[in-house]
Every structure is written in structure tokens, then in C-alpha cells.
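Note that our numbering numbers the sequence shown so that position 224 is 246, with each residue one more than the last. Let me begin by presenting the structure, written as C-alpha cells, before commenting on it.
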Amino acid sequence: MAHNLAAVSFHFPQLIINRKCHQQRHCFRSFAVKNNNNNHQNPPIFSLRFSTFHPLFESPNASFDEYIGDEDRLLRATFSGKSEKLNKGEWRVEMPSFQLLFLKLSPVVDVRLSCKSSTKDYPIHIPRHVSKFLDLQMMRWEVRGMGKDFKPQMFRISVKGVMYAIRTESESKSMLRNHLILDLHSFDSPIPTDFLQPFAEKGLEGMMKESMRDFTQNLVLDYTKYKKEKQNKNA
């Protein structure tokens, strides 16, 4: 009998994981939430949320807001895995592999990046003083390595995130803020839910941590390159 891992809702969440780590000047926090409200149709199982802060040194002649306006450049520069352009602002990207029980899973995801300036009705809180932010969506997941008994319609994962600069009193020193939410939607499996859940959480959390770390580091490196390009152009 198939068991269903259902969509995650954000009503009345219960904290079940809370982790914090520091890697040099990079701060990373992640936790999972679980909804215990059984009144919902298809009661939710879990959602993973991630937050990172990273030093960002802006240039008066090459602001970060200006830089994130080139979505295609960002996608080429930030994701470490093999990627294929689908259309403007949307790429198919190979994500880091992760282990689920005895299976090594290799996700391939359609990723969309867009630079936005309006936070009205946006699902993730963004401070009002932020003039521009980068909207990240990961859609249409294909998870390779699940075996012939698993069909694509058995599961659905959605990821939505934002990235923006937080300015300080210093004109050049800012903080790069990254906030991301991963929801695991319907996942029918012959394996009991209570047994599968901790392995799914651990695998997805590890994959997203690695992806976000690489994404942020690659973005900061490319922004440094962008500043040099602007400096040479204006010289």
C-alpha cells in the first residue's frame, strides 16, 4: 500500500530541526518544519528552510543591484553542475547527488532567475528598504536513480528563494542575504512514511546546503569579476 508524503503548509509550524554552522565568514542556518494540523486535506509532512549571510563588497561604479539584472549571466556563473539554457532566464541544471537509503539520487532541475523590484504580495519577507532582489525558482524536478518502480508523478518538489544586498553604514561593505524554502509535495512510496521521512530530510538538506554554498560563492566570485570589467571599461 502506497504511503503519501503530502504538500507542506506553513500554518502552525512545529520546529523539529534547528542547526547553525559557521564557515569562516559565511553563516548558514537551516531548519525543517512540520504541520500537525490534521484538518487539512493531505496533511503536510515537512518543509526545509535555509538562510545564509555572506560579506559583500560593492563598488560605486558597479552596484550589486545592477549586476543581478543580467539573469543569464548569473545562471551561467552560479550553478556548478552541467547546465542547458531553455529560454531567457531559465536553465536546466544538474544538482548535487544525494543518498536516500540505498539509492544514489541525481536531481535535474529547471531553474528560473529573475531580478525584481516589487515585494508586494511576495511570499518571502523582504525588508522594505531593499530596492532590488533576485528571485530564484526551481521547478520541474527529474530525480534520476530512483529505479523503474518510481514514476515522475510520484513526487513533486518546489523551491523558492530570494537573494539581496543588505547595506551597512559603510558605503562599500554590505551583506549578501539568501533565504530559500524547499517543499516536498506528494511522494508515493511503498516505504512507510515514518521510516522514509528522516532519510528524505537529511538527503534534501545536504543537497540544498551544498547547492546554496556553491551558488553563493560562485556569485560573489563572478560579481568581483564584474566589478573589474566595469573598472577596466571606465578606465
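Even glycine gets a Cβ: it sits at the ideal position worked out from N, Cα and C. Just so you know, these numbers come straight off a predicted model, no measurement behind them.
1) For Leu78 versus Ser196, is the C-beta spacing smaller than 7 Å?
2) Among Leu122, Leu135, Asp236, which one has its Cα closest to the Cα of Arg114?
3) Hey, Ser73 and Asn200 are a contact pair by Cβ (cut 8 Å); roughly how many whole angstroms apart?
4) For the candidate residues Arg71, Ser69, Ala99, Ala84, whose alpha-carbon lies nearest to that of Thr238?
5) Would you check if the distance between the CB atom of Phe86 and the CB atom of Ala187 is smaller than 7 Å?
6) Name the two residues that bound the continuous beta strand (DSSP E) containing Asp157.
7) Should the segment 123-130 be regarded as contacting the segment 157-166, the criterion being three or more beta carbon pairs within less than 8 Å?
8) What is the rounded straight-line gap between the Cα of Thr190 and the Cα of Leu198?
9) If Ala84 sits next to Lys249, beta carbons under 8 Å apart, how far is it from one beta carbon to the other, in whole angstroms?
10) If Leu293 sits next to Ile179, beta carbons under 8 Å apart, how far is it from one beta carbon to the other, in whole angstroms?
11) Under a Cβ-count criterion, where at least 16 other Cβ atoms within 10 Å of its own Cβ denotes burial, should Arg71 be classed as buried or exposed?
12) If you scan the segment 91-157 from start to end, which runs of the alpha helix (DSSP H) of 4 or more residues do you find wholly inside it?
13) In angstroms, rounded to a whole number, what distance separates the CA positions of Tyr245 and Leu96?
14) Given a cut-off of 7 Å, decide if Leu122 and Gly225 are closer than it, judged by their beta-carbon atoms.
15) Would you call Val140 buried or exposed, if buried means 16 or more other Cβ atoms sit within 10 Å of its Cβ?
16) Can you pull the DSSP bridge partners for Arg199?
17) Going by alpha carbons, who is nearest to Lys243 out of Ser69, His76, Phe68?
18) Inspect the beta-carbon positions of Lys182 and Phe155 and report whether they are closer than 7 Å.
19) Do Phe120 and Met229 count as a contact pair if the criterion is CB distance below 7 Å?
20) Taking the alpha helix (DSSP H) that Phe86 belongs to, which residues open and close that run?
21) So which of Ser69, Phe68, Tyr89 has the shortest CA-CA distance to Lys252?
22) Tell me the rounded alpha-carbon separation between Asp94 and Phe68.
23) Pull the bridge partners of Leu204 from the DSSP assignment, please.
The structure says:
1) Residue numbering aside, residue 78 sits at position 56 when the sequence shown is read from its first letter. Residue numbering aside, residue 196 sits at position 174 when the sequence shown is read from its first letter. Yes, the Cβ-Cβ distance between Leu78 and Ser196 is below 7 Å.
2) Numbered from its first residue, the sequence shown carries residue 114 at position 92. Selected option, being the one with the closest Cα: Leu135.
3) Taking the sequence shown and counting its residues from 1, one reaches residue 73 at position 51. Taking the sequence shown and counting its residues from 1, one reaches residue 200 at position 178. Between Asn200 and Ser73 the Cβ distance is about 7 Å, and since that is below 8 Å, they are a contact.
4) Stepping through the sequence shown from its first residue, residue 238 is reached at position 216. Shortest Cα-Cα distance from Thr238 to any of Arg71, Ser69, Ala99, Ala84 involves Ala99.
5) In the sequence shown, residue 86 corresponds to position 64, counting from 1. In the sequence shown, residue 187 corresponds to position 165, counting from 1. Yes, these two residues count as a Cβ contact at 7 Å.
6) Here residue 157 is taken as the residue at index 135 of the sequence shown, counted from 1. 155-166 is the extent of the beta strand (DSSP E) around Asp157.
7) yes
8) Here residue 190 refers to the residue found at position 168 when the sequence shown is read from its first residue. Here residue 198 refers to the residue found at position 176 when the sequence shown is read from its first residue. Spanning the two alpha carbons is a distance of roughly 11 Å.
9) Within the sequence shown, residue 84 is the residue found at index 62, counting from 1. Within the sequence shown, residue 249 is the residue found at index 227, counting from 1. Confirmed, about 4 Å.
10) The shown model of the chain, from 23 to 257, leaves out residue 293, and the question about it has no answer.
11) Residue 71 sits at position 49 when you count from the first residue of the sequence shown. Buried: at least 16 other Cβ atoms inside 10 Å.
12) Listed in chain order, the alpha helix (DSSP H) elements of length 4 or more contained wholly in the segment 91-157 are 93-100.
13) Position 223 of the sequence shown, counting from 1, holds the residue named residue 245. Position 74 of the sequence shown, counting from 1, holds the residue named residue 96. C-alpha separation (whole angstroms): 9 Å.
14) Reading the sequence shown from its first residue, position 203 is the one you call residue 225. Reading the sequence shown from its first residue, position 100 is the one you call residue 122. Yes, these two residues count as a Cβ contact at 7 Å.
15) Walking along the sequence shown from the start, residue 140 turns up at place 118. In the sequence as presented, Val is not what sits at residue 140; that position holds Ser. By the 10 Å Cβ count, Ser140 comes out exposed.
16) The residue you call residue 199 lines up with position 177 of the sequence shown. Answer by DSSP bridge pairing, in chain order: Phe75, Tyr186.
17) As a working note, residue 243 is residue 221 in the sequence shown. The question names Lys, but residue 243 in the sequence shown is Leu. Leu243 has its Cα closest to that of His76, out of Ser69, His76, Phe68.
18) Counting from one through the sequence shown, the residue named residue 182 turns up at place 160. Counting from one through the sequence shown, the residue named residue 155 turns up at place 133. Between Lys182 and Phe155, the gap from beta carbon to beta carbon reaches 7 Å or more.
19) Translated into positions along the sequence shown, residue 229 becomes position 207. Translated into positions along the sequence shown, residue 120 becomes position 98. For Met229 and Phe120, yes; Cβs fall inside 7 Å.
20) Within the sequence shown, numbered from 1, the residue matching residue 86 stands at position 64. Here the alpha helix (DSSP H) through Phe86 covers 86-89.
21) Translated into positions along the sequence shown, residue 252 becomes position 230. Check the Cα spacing between Lys252 and each of Ser69, Phe68, Tyr89: the tightest is with Tyr89.
22) If you number the sequence shown from 1, residue 94 lands on position 72. If you number the sequence shown from 1, residue 68 lands on position 46. Using only the alpha carbons, I get a separation of about 32 Å.
23) In the sequence shown, counting from the first residue as 1, residue 204 sits at position 182. BP columns for Leu204 point to Leu70, Val181.
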